[in-house]
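**Student:** Protein chains in written order, with my numbering: chain A, 393 to 489; chain B, 1413 to 1873; chain C, 7 to 496.
Beta carbons are placed, not taken as given, at the ideal position from N, Cα and C, and that holds for glycine.
On a predicted model such as this, the values are computed, not experimentally measured, just so you know.
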Amino acid sequence: MKIDKNTIKEMAFWVRVRIPDEEAEVMAGEFTETLNWIGERLKNPEINTVPPMVSPFDEPITLRKDEVTDGDKVESVLKNAPEGATEEYFSVPKMVE
Amino acid sequence: MTDLTNLTLSATLKGLENKEFSSVDVTKAYLQKMEDLRRLNAFITETPEHALEMAKASDEHRAKGIAGKLEGAPIAIKDMFCTKGIRTTAASKILSNFVPEFEATTTERLWQAGAVCLGKTNTDEFAMGSSTITSYFGVTHNPHDETRVPGGSSGGSAAAVAAHMCAAATGTETGGSIRHPASFCQISGFKPTYGRCSRYGVVAYASSLDEPGVLARTIEDCAHMIEPMMGYDPKDSTCSKREVPDLVGALDKNIKGMKIGIPKEYTELVPDNWEPALQFLKEQGAELIDVDMPHTEEAGMVYYVISQGEATTNLARYDGARYGVRVEGKTLDEMYMNTRMEGFGQEVRNRMILGTFFTSAKGYNDYFVPAQKMRSLIKQDFDKAFEKVDVLFSPAVPIKPFTIEEAKHGAAKGRFNDNYLMPSCLTGVPAGCANNGLQVIGRMWDDATVLKVLDVVEMMK
Amino acid sequence: MTYIIKGKTADWEMICGLEVHCEILSNSKVFSGASAEFGGLPNTHVAFLDCGMPGQLPVLNEKCVEQCIKTGFGLNAKINKHSVFDRKNYFYGDLPTGYQITQLFYPIVGEGYVDVTDEDGNIKRIGVERLHLEQDAGKSIHDMHPTQSYLDFNRAGVGLMEIVSKPDIRSPEQAGDYLRKLRSMVRYLGTCDGNMDEGSMRCDINVSVRPVGEEGFRHRVEIKNVNSVKFVMQAIDLEVHRQINLYEQGLDFPQETRLFDAVNMETRAMRSKENALDYRYFPDPDLPPLNLTEEYIENIRVNLPEMPEAKKKRYMESLGLPEYDARILTSDKDTAIYFERALHGGATQRDPKKVANWVMGDLFAALNREYIAIEDSPVRPEDLGSLIDLINDGKISGKIAKEVFEDMFTTGKSAAAIVEEKGLKQVSDTGAIEKMIDEVIAANMDKVAEIKAGKDKLKGWFVGQIMKASQGKVNPGLANQLLEKKLSEV
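1) Assuming contact is defined by CB atoms lying nearer than 7 Å, are glycine 351 (chain C) and glycine 400 (chain C) in contact in what I supplied?
2) Of all the residues that make up the segment 440-469 of chain A, which are near chain B by a beta-carbon distance shorter than 7 Å?
3) Hey, does valine 409 (chain A) have any beta-carbon neighbour from chain B nearer than 7 Å?
4) Three or more C-beta pairs under 8 Å: does that hold for the segment 1835-1848 of chain B against the segment 1585-1602 of chain B?
5) Given that a residue counts as buried once 16 or more other Cβ atoms are within 10 Å of its Cβ, and exposed if not, what is methionine 20 (chain C)?
6) Starting from isoleucine 129 (chain C), follow its DSSP beta bridges and name the residues at the other end.
7) Is the segment 1563-1576 of chain B touching the segment 1532-1540 of chain B, taking contact as three or more C-beta pairs under 8 Å?
8) Using 7 Å as the threshold, is the C-beta distance between lysine 69 (chain C) and aspartate 458 (chain A) below it?
9) In chain B, which residues lie less than 7 Å from valine 484 (chain A) when you measure between Cβ atoms?
10) Assuming tryptophan 1857 (chain B) is part of the beta strand (DSSP E), what are its boundary residues?
11) Mapping the DSSP letters down to three states, classify threonine 1414 (chain B) as helix, strand or coil.
12) Give the interface partners of isoleucine 437 (chain A) over in chain B, defined as CB-CB distance under 7 Å, in chain order.
13) Output the boundary residues of the beta strand (DSSP E) element that contains arginine 216 (chain C).
14) Using a Cβ-Cβ cut-off of less than 8 Å, list which residues of the segment 1773-1795 of chain B approach chain A; keep chain order.
15) What are the complete beta strand (DSSP E) segments, minimum 3 residues, inside the segment 1694-1744 of chain B?
16) For glutamate 490 (chain C), count neighbouring C-beta atoms within 10 Å of its own C-beta (all shown protein chains included) and say buried if the count is 16 or more, exposed if not.
17) Taking CB distances under 7 Å as the criterion, tell me whether asparagine 201 (chain C) reaches chain A.
18) Flag this pair as touching only if the segment 1646-1661 of chain B and the segment 284-294 of chain C have three or more C-beta atom pairs under 8 Å; answer yes or no.
19) Rounded to the nearest angstrom, what separates asparagine 281 (chain C) and isoleucine 229 (chain C) at their Cα positions?
20) How far does the beta strand (DSSP E) with arginine 274 (chain C) in it extend, from its first residue to its last?
21) Taking the beta strand (DSSP E) that lysine 84 (chain C) belongs to, which residues open and close that run?
22) Any Cβ of chain B within less than 7 Å of the Cβ of leucine 63 (chain C)?
23) Going straight from the alpha carbon of lysine 279 (chain C) to that of phenylalanine 97 (chain C), what length do you get?
24) Which residues in the same chain have their Cβ closer than 7 Å to the Cβ of glutamine 1691 (chain B), if we skip the five residues on either side of it in sequence?
25) Can you tell me which residues form a DSSP beta bridge with glycine 351 (chain C)?
26) From the DSSP output, which residues share a beta bridge with phenylalanine 1455 (chain B)?
27) Which residues mark the beginning and the end of the alpha helix (DSSP H) in which methionine 1834 (chain B) is found?
28) I need the boundaries of the beta strand (DSSP E) containing glutamate 166 (chain C), first residue and last residue.
29) At 9 Å on the CB atoms, spell out the chain B contacts of aspartate 292 (chain C), in chain order.
30) Name the chain C residues that come within less than 7 Å of methionine 487 (chain A), Cβ to Cβ?
31) Closer than 8 Å by beta-carbon distance: list the chain A residues that pair up with asparagine 1762 (chain B), in chain order.
32) Taking proline 474 (chain A) as the query, report the chain B residues whose CB atoms sit under 7 Å from its CB, ordered along the chain.
33) I want to see whether chain B comes within less than 7 Å of lysine 471 (chain A), judged by CB atoms only; does it?
34) When the distance is taken between beta carbons, is cysteine 1837 (chain B) closer than 7 Å to leucine 1627 (chain B)?
35) Is it true that the segment 182-202 of chain C meets the segment 216-226 of chain C, where meeting means three or more beta-carbon pairs spaced less than 8 Å apart?
36) Give a yes or no on whether the C-beta atoms belonging to proline 452 (chain A) and methionine 1747 (chain B) are separated by under 7 Å.
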C-alpha cells in the first residue's frame, strides 16, 4: 500500500483541513511505512478465526419510548452560536451560489 | 491548624462528617493551593466562586443531616467533561469559548453526591496524547519534577491530585490516559469496565474506547470517587443496567487464596518495586500464576487504526457553524477549512487526516476490519487468562517520566510508554494503577476485585 | 406498448431504480427526544444531539423500529433480525455532526417487491433491494440574508426510511405507479404521511438507457430530490431523451448527479464539488446492534392493518363490488375507512353497491368541488349511511335524497333532521295519492285512451305527473301500483 502526497491532500480535504505540500510529502512517506508495517502484522492468519470487535459493550440495545421529552430550548441551543446567528437561526456562509 | 490539603479524600470525608472542619474550610485551603501552584498549569479553568458556593451549600446539607457520599469534598474535573455554565474546552482552541448548556451524567452524579467543583483540568488536546503537551492552554508540569511531563492525557488531573490541588479528580481513558499520568505522578488511577460509567456529556475521542474514570491519592479514594459516577444512564446506549457494586465495602484487605495472573508479555521491563511486590502478594496469601497474553504486542497497532478512525468522525462536528471558535470564509467549505486549520492543533489535525484513510472503503476493508478482528484476539487473551486467574498484575508504565523537551520531540511514541495499558482499553476490562506504579486488571464488570487487590498493593511499603 | 424510444440509430429502452425517502411518523425523533412534528418555530424541535453538541449520544426510538418493520411487511420483504447502524461521513451545513447515522452494511429490511400496473395495464413486479433506517438532515434557508444561509435543525434527526428499488423500472409510468403504490402503502400502515409537498416523501432517481437487446448497464445518472409523482415521471422522460440524444450524437457523459428543474423542464448537473462527495462509512460505536426476536417481529405482523390489495380482493369477493369500484375505494386508506363506516350501520350491513355509488358519485363530486379531503367531509360516513337507509325504507325518494345530501354537505346536519325540517318525507297515505291520481286522470283523459289503445309507455308519463304534483314526495313504487289500479277502473 503506497500513499502519495496527493492522497494525503485529498484525505485532508475530507476532514476540511489544509496541509502544505512539504508536510503532506513527509506524512505520505511515514504513513506508507506505518501502513506496510500494520499490513504485515494483519497478515496473521489467526484473525480469520474471529469476528471483528466493534465495541467492548455486548449487552442488548435499549430502545427509547416514543415520547417528546426534549426540545423547546432554542435559547440554549443557540447560546454558543458564533456571530451572525439570529434569535432563531444558526448562520453560515451562503451554501448556494 | 494542619494543612487540610494533606488529607486524603477518605480522611477529608471523615473530618467533614465529624465536624472537624467545614467544606468551606477545606475548599479555601485547596483554592489557596491552586493559586500557589498555578505555575504547574494543571487547570485550564478555575472556578473559585462556584466552589465556595457549592461548599457553603454542602455545609448546609451536612447541618441538616442530608449528606451525600462525597458531601463537601473538593474535586477537579478533566476538561473533557461538559459542565453546565462552566467553559469546557477539551484543551482545544476550537472549543476555547464553549460554555455547555448541559452537564455530563457522571459529573452531574458527583454534584448530586455533594462534591465541590474546583475547576477544569488540563489535558492533551481532545485527550490525544500521553504527555499533556498538546494542550492549546500550554504544558502541564509534573509536580515531582517540574521539568518533566505529568503523563497524559489526564495530566492536569494527575498533577492537581499529586500536588494536593484537589482531593481527587475525574479523568478519561481511551488508550491509558488515566493510568499513564497516575503512574508518572505517583498517584492512583482507576478506569472501570466499559459501560459502567455513562459517556453522556464527555467530549468524544474514540467512542468504542473512551471511558470516564478517576484519579486520587489512594485506591480507597478512587473507590469513594468512582462509585457515585457509575450506573445505568438512559442517555447512553452503551451504558450497562447492571447493579453498581459496593466498591468501598469491597476493600477488605484480604486476598488470601486469590489467583493473581502475571502476564509474561507485561514483564519485559519492570520497575524496582516489582520483585518485592510479588513477594508481598504471596505473603498476603495470594497465589501467583504465570499467564500468556500472546497478542499484547499488537495492541498499539490496533489502537492506532481504531482510535484514529473513530476520532476522525467524532471530531467532524467541530466546524465553526453552531458553537465554538469560527474563522470566517467566503464559502461554507472555506469557513470550515479556516476554522479547523486555526482551531485544531497539529497533532489532532494529523490524526484526523490519517483517520479518514481507515474509514475509506479501501482502508476500512483492508485495515479497519482486520484491526477489529485483531482486537477480538486480544480479548480472547483476556478471556483465556481469566479462566485461570481472578486478576492480572503488572507494572503500569515502567519508565521514568520524560522531560518536557523529550516529549516535544516525540519521546512518548516509545514502546514501553503504554503497551501495558492499551490492551485493557481495547477490551474494556476494568483496570487501575496503584500509587506505586503497579497495575491490576480484572474481568469485565468485576471492578470491585480490581480495587480490592489494588488496595492491598498500596499496603506495601 | 412497452416504453421504447425510437432513435435515429437504434430503439432504446430505459433502466431505472428509485430511492425513496419516507419520513417516519413518530412523536419524537429517531435518536433524540425532540418532537418529530413537521414545522414548528425554527430550532424549537431541537435537542442538543440534533445540533451536534459535544458529548451527545443517540438513543434509538422503538417506534421508528416498529414503523420500519411494518413498512417492510408492506413491501413483502424479509425483516432482518440483526441490523447495525453506521456513520456516513460528509460535511454539509445541514448535517450537524459531520456524519449521518444510517444502515449501510446490515439494513433492518431486506429484499421485497411492489407490484405496479404498467402502461399496458399489466402487472409488473418491481423488486425492492432494501429498506434502512436513518436520520433526516436539517434545513437551510438561503433567502433571508444576502451572504448567509440560515440553519434550522427541526427536521435534523427525524427518522427516515430509505426504500431502494432494484433497477427494474422500464417506463415513467411504472415509476409513477411504483411511487403511488408506495405512498398508498405507507399511508395505510400509518408509517409515513406520504406528503410529497412537505417533503415527508422524497425521491432520488437512478436512470440509464441502452439499445434494446444490449446486455449490461451503461452510465447511470442520479437525479436528486424530486418531490412529486408527476415530476418524477417528467424528470425520467427528460433524462432518458437527453441521454439518447447524446449517445446518438456519438457523445458520452459522466456518471453524475443532476437536479430536476420543473420550471425550465430540464435536468442539469450539480456543481462538481457537490459531486465530489466521497462518503466514508463505518459502524457507529455509540449504538449496539439492533437484534430483534421472532416474537417481536411476529407481534407486529399480526397487528398489521389490512393492506390495499387484500382489501380490494375482499371488496370484490365478499362484498361483490366490481373491480373498478373496489380499486377506487381502496386506493386510499381514508376512502376505505369512510366507505366501511358508511357500509355498516350498527350490526347491519347496507347494500355495498349502493354505498359505493354514493361515495364515488355524489360524495366525491362534492368533495372535489370544495377541495375537501374525505377525512374532513362535512357529511360523516354514519350520516351518509342513514341517508341510504331513508331511501331503502321508502321514506324519501332517490331524487329527494340527492337534495338532502347537498343540504347535509352544506350544513353538516343529519339526513333525518333535514327531511324532518323541510317536510320531505314521502307521502305513503294511499288516500292522498289516490286523490292526486284521480285529478291527473281527470285532466288527461285523452292520454288514458291512448294507454287503453296499447301505448303502455305513457304510464311513465303519468307517474311523472304524479311526482310533480306531489313535489316528489310520493313513493314512486306505491304511485305506480295505485295508478295501475285506477287506470283499470277507468
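**Tutor:** The answer reads as follows:
1) no
2) Val442, Pro443, Pro444, Met445, Val446, Ser447, Pro448, Phe449, Glu451, Ile453, Thr454 and Ser468
3) yes
4) yes
5) buried
6) C:Thr123
7) yes
8) yes
9) Ala1733, Leu1744 and Met1747
10) Where tryptophan 1857 (chain B) is concerned, there is no enclosing beta strand (DSSP E), given that its DSSP letter is neither H nor E.
11) coil
12) The amino acid occupying residue 437 (chain A) in the given sequence is proline; isoleucine does not appear at that position. Ordered by position in chain B, no residue passes the 7 Å Cβ test against proline 437 (chain A), which lies about 11 Å from the chain.
13) 207-217
14) Asp1778, Tyr1779, Val1781, Pro1782, Ala1783, Gln1784, Lys1785, Met1786, Arg1787, Ser1788, Leu1789, Lys1791 and Gln1792
15) 1699-1703
16) exposed
17) no
18) yes
19) Because asparagine 281 (chain C) sits at a pLDDT of 42, beneath the cut-off of 50, its placement in the model cannot be relied upon, and the following sentence gives the value as read from the coordinates. Rounded to whole angstroms, asparagine 281 (chain C) to isoleucine 229 (chain C) spans 12 Å at the Cα level.
20) 272-275
21) Where lysine 84 (chain C) is concerned, there is no enclosing beta strand (DSSP E), given that its DSSP letter is neither H nor E.
22) yes
23) Bear in mind that a pLDDT of 48 at lysine 279 (chain C), under 50, signals an unreliable position, so the number given afterwards is only what the model happens to contain. Answer to the nearest angstrom: the Cα atoms are 12 Å apart.
24) none
25) C:Thr354
26) B:Thr1533
27) 1834-1839
28) A quick correction: the sequence has leucine, not glutamate, at residue 166 (chain C). Run containing leucine 166 (chain C): 165-171, per the beta strand (DSSP E) assignment.
29) Arg1611, Ala1616, Ser1619, Ser1620, Asp1648, Ser1649 and Thr1650
30) Gly99, Ser146, His148 and Ser155
31) Met419
32) Gly1732 and Arg1738
33) yes
34) no
35) no
36) no
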